[in-house]
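Quick notes on the structure that follows.
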Amino acid sequence: MCILSVCLLTLWAGCKKNVSELQFPLPVDSSMIGKIRSVVILGNSIVRTPPTPDIGWNGDWGMAASARENDFVHLLIRNLGLKDSRVTVKFRNIADFEKDFLNFSMSSVDSLRNADLVIMKIAENVRASATSYAQFITYYDQLIRYLDPSGKAVKLLVDGFWANGAVNDDIRNYAVTKKYPLISITDLSASSTNKALAGHPSDQGMQLIADRLWNYIKNYF
Numbered sequence: 123m124c125i126l127s128v129c130l131l132t133l134w135a136g137c138k139k140n141v142s143e144l145q146f147p148l149p150v151d152s153s154m155i156g157k158i159r160s161v162v163i164l165g166n167s168i169v170r171t172p173p174t175p176d177i178g179w180n181g182d183w184g185m186a187a188s189a190r191e192n193d194f195v196h197l198l199i200r201n202l203g204l205k206d207s208r209v210t211v212k213f214r215n216i217a218d219f220e221k222d223f224l225n226f227s228m229s230s231v232d233s234l235r236n237a238d239l240v241i242m243k244i245a246e247n248v249r250a251s252a253t254s255y256a257q258f259i260t261y262y263d264q265l266i267r268y269l270d271p272s273g274k275a276v277k278l279l280v281d282g283f284w285a286n287g288a289v290n291d292d293i294r295n296y297a298v299t300k301k302y303p304l305i306s307i308t309d310l311s312a313s314s315t316n317k318a319l320a321g322h323p324s325d326q327g328m329q330l331i332a333d334r335l336w337n338y339i340k341n342y343f
């Protein structure tokens, strides 16, 4: 606990930290242990990509897993089902938010509101060079609050698989400010064995992402 506190305080002070030091899932919310029945996972092509033959993608799951059951979302669904068959999981590609958060329709995620656990896995398609980027975190926060209007859900943030520097840093700093748990996965893309089509996670990369998330989530069951 002391080490965690020092890490968080250092981040608040604005010091640069390496990726391993940013894997700081906070202690679980004891009031939610045994009470999570619904999970929402929001992401981009790593969560789900419909067939895109022009780039050689013929799947309808997280690019670039070799099969549906091998992407990180379905690995988590399997783990959750083994722990508690009552848990429901919904997931969606919201790359539209990453690319144009100013004009993203919040009502498009109405069916995903009020889950007990919200996993935010976006970052890769956000352009820090865009003139609108200064407002990204504001809209990121608005999206989270829209999904969880009561403020009671467990929010788990995940930074980008790719080294999208400023965006990943801002998501990490937001997590610290809000005291939300964050799982950093950016270091995984450094290994070629973790990457496949268009730089997306291979089966091994997907497994490693799922493992990092599950190591935190499993504490609620």
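Numbering (the numbering used here), first residue to last: 123 to 343.
Using N, Cα and C, we set each Cβ at its ideal position, and we do this for glycine too.
May I ask you to verify whether the segment 257-266 touches the segment 173-183, counting CB pairs closer than 8 angstroms and requiring at least 3? Under the Cβ criterion (8 angstroms, minimum of three pairs), the segment 257-266 does not count as touching the segment 173-183.
Just to confirm, is the Cβ distance from Leu-310 to Ile-293 under 8 angstroms? No, they are not a contact pair.
Would you mind sorting Ile-155 into buried or exposed? The rule is 16 or more other CB atoms within 10 Å of its CB. By the 16-neighbour rule on beta-carbons within 10 angstroms, Ile-155 is exposed.
For Glu-143, does the three-state DSSP call read helix, strand or coil? The predicted model places Glu-143 with a pLDDT of 41, which falls under 50 and marks its position as unreliable, so this point remains unresolved.
Cut-off 6 angstroms between Cβ atoms - residues of its own chain near Ser-314, not counting five sequence neighbours on either side: Take Ser-314, set aside five residues on each side of it, and no residue of its chain has a beta-carbon closer than 6 angstroms to its own.
For Ser-160, which of helix, strand or coil comes out of DSSP? Strand, per DSSP.
Coarse secondary structure for Trp-284, derived from DSSP in three states: In the three-state reduction of the DSSP assignment, Trp-284 falls in the coil class, being assigned neither a helical nor a strand state.
How about Asp-281 and Val-161: do their beta carbons lie closer than 8 angstroms? Contact: no.
Would you please state the rounded distance, in angstroms, between the beta carbons of Ile-158 and Val-289? I believe it to be under 8 angstroms. That belief does not hold up - the Cβ atoms of Ile-158 and Val-289 are roughly 28 angstroms apart, past 8 angstroms.
Run through DSSP, which three-state label would Leu-278 get? In this structure, Leu-278 counts as strand in the three-state DSSP scheme.
Could you tell me which residues DSSP pairs with Phe-213 in its beta bridges? BP columns for Phe-213 point to Ile-163.
Does the Cβ of Ser-142 have 16 or more other Cβ atoms within 10 Å, making it buried, or fewer, making it exposed? Residue confidence for Ser-142 is low, a pLDDT of 43 falling below 50, so the modelled location carries little weight; the figure read from the coordinates is stated next. Answer is exposed; the Cβ neighbour count stays below 16.
List the endpoints of the continuous alpha helix (DSSP H) containing Val-195. Note, Val-195: alpha helix (DSSP H), 194-205.
Flag Gly-282 as yes when its Cβ comes closer than 7 angstroms to any non-hydrogen atom of the ligand PLP, and as no otherwise. No copy of the ligand PLP occurs in the structure displayed, which carries no ligand at all.
Express the C-alpha separation of Asn-215 and Gln-326 in angstroms, rounding to a whole number. One C-alpha to the other measures close to 21 angstroms.
What residue from Asn-247, Leu-234, Thr-174 has the CA that sits closest to Ala-285's CA? Answer by Cα proximity: Asn-247.
Same chain only: Cβ atoms within 8 angstroms of Pro-173, ignoring 5 sequence neighbours per side: These residues qualify, in order along the chain: Trp-179, Asn-180, Gly-181, Asp-182.
Please classify Met-346: does DSSP put it in a helix, a strand, or coil? Residue 346 cannot be examined here, being either before or after the span of the chain that is shown, 123 to 343.
Taking the beta carbon of Leu-144 as the centre, do at least 16 other beta carbons fall within 10 Å, making it buried, or is it exposed? Note on Leu-144: pLDDT 43, under 50, position unreliable in the model; the coordinate value appears next. Residue environment analysis places Leu-144 among the buried positions, since at least 16 neighbouring C-beta atoms fall within 10 angstroms of its C-beta.
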